[in-house]
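> Residue numbers (this note's numbering): 27 to 304.
By construction, the Cβ of each residue, glycine as well, lies at the ideal position given by its N, Cα and C atoms.
My questions all concern the structure below.
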Amino acid sequence: MIITVLHTTKGVVQLGSNAPIGVFDSGMGGISVVRQIHKDMPNEDIIFFGDSANAPYGTRPASEVEELSFSAADHLIAKGAKAIVIACNTATSAGAGDMRHTYDIPVIGMEPAVKVARDRSGGSPQNILVLATELTLKGQKFADLIAQVRGNSTIHTQPCPDLVTIVESGQLNDRTRVQDAISGYLAPFDVEALDSIVLGCTHFVFYRSYFEEMLPGHVAVIDGNPGTSHHLGTVLREFGIQSDRPESYTGAVTLENSRKDKVTGLLAESLLHGDILG
Numbered sequence: 027m028i029i030t031v032l033h034t035t036k037g038v039v040q041l042g043s044n045a046p047i048g049v050f051d052s053g054m055g056g057i058s059v060v061r062q063i064h065k066d067m068p069n070e071d072i073i074f075f076g077d078s079a080n081a082p083y084g085t086r087p088a089s090e091v092e093e094l095s096f097s098a099a100d101h102l103i104a105k106g107a108k109a110i111v112i113a114c115n116t117a118t119s120a121g122a123g124d125m126r127h128t129y130d131i132p133v134i135g136m137e138p139a140v141k142v143a144r145d146r147s148g149g150s151p152q153n154i155l156v157l158a159t160e161l162t163l164k165g166q167k168f169a170d171l172i173a174q175v176r177g178n179s180t181i182h183t184q185p186c187p188d189l190v191t192i193v194e195s196g197q198l199n200d201r202t203r204v205q206d207a208i209s210g211y212l213a214p215f216d217v218e219a220l221d222s223i224v225l226g227c228t229h230f231v232f233y234r235s236y237f238e239e240m241l242p243g244h245v246a247v248i249d250g251n252p253g254t255s256h257h258l259g260t261v262l263r264e265f266g267i268q269s270d271r272p273e274s275y276t277g278a279v280t281l282e283n284s285r286k287d288k289v290t291g292l293l294a295e296s297l298l299h300g301d302i303l304g
């Protein structure tokens, strides 16, 4: 087993290559990222921390989101995490930069997959709708992203706070409520003219089947989870801390949450195993 010595603000830490990957989110949405990582790197152990007690992050001040994010990361590092994945576009926008300056372990953030949506045409102008939280859409990080990738494409944005609340309250299978919420958020746009919709919040990935059912067949539904997982794998290899277990080994996935009730635990397990839509 490879041992990597890292110097952190809390002292010297020895990380084994088989130490767990730490993943956190404002709530349950990051479980969609955990599922992608577990699919792509099945021999890695993963610890997930969902901060459902403080969800949603998307309507909080950026300074508060950063403080909550550091608390979640500290918790995962105390559990022995060899890398941190911020499985939340909002938390990435608010705190990823400072985290990378603070921690001497890899910190992987997320951003809405607008570049993927733009590039799928091979250069033709694209008409893209980005669905995300209010804080993500208002942040400088998102503004910089759009300025960088827009080119001759048209990019619309829409905050969708109810799509976070529905997941957190375990109502993802309430088809009427979900369809009404999605229809309301899409109403201001000519969906027939869209080329793609970007799911810019990890909670929204659980609605993929709804979007694919409700949208015209030519509209692509894109999320950032595959790209995040791929980038994580690259960084683990660069740091020399990827798992050296055989690929036949099934890594453990541990789910933790700041909301301690039994219902929350059952909901997290259901989302992980795909017992409800997603």
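Alpha carbon to alpha carbon, how far is Gly177 from Ile47? Give it in angstroms, no decimals.
So the alpha carbons of these two residues sit roughly 36 Å apart.
> Exposed or buried, which one is Pro82 when buried takes at least 16 other CB atoms within 10 Å?
It counts as buried.
> Take Thr280 and list the residues in its own chain whose beta-carbon comes closer than 6 Å to its own, dropping the five residues that flank it on each side.
Around Thr280: Ile73.
> With three or more C-beta pairs closer than 8 Å as the rule, is the segment 90-110 touching the segment 133-151?
yes
> Rounded to the nearest angstrom, what separates Thr191 and His257 at their Cα positions?
Spanning the two alpha carbons is a distance of roughly 29 Å.
> Output the distance between the C-alpha atoms of Lys167 and Tyr233, rounded to the nearest integer angstrom.
25 Å
> Comparing C-alpha positions only, which one of Phe96, Gly148, Gln174 sits nearest to Asp124?
Phe96
> Evaluate contact between the segment 286-299 and the segment 47-61, counting only Cβ atoms and requiring at least three cross-stretch pairs below 8 Å.
yes
> Which residues share a DSSP beta bridge with Val231?
BP columns for Val231 are empty, so no partner.
> Does Val193 come out as helix, strand or coil in the three-state DSSP assignment?
Note: Val193 maps to helix in three-state DSSP.
> Ordered along the chain, which non-local residues of its own chain (more than five positions away) have a Cβ less than 6 Å from that of Glu273?
Excluding sequence neighbours, Glu273 sits near Asn69.
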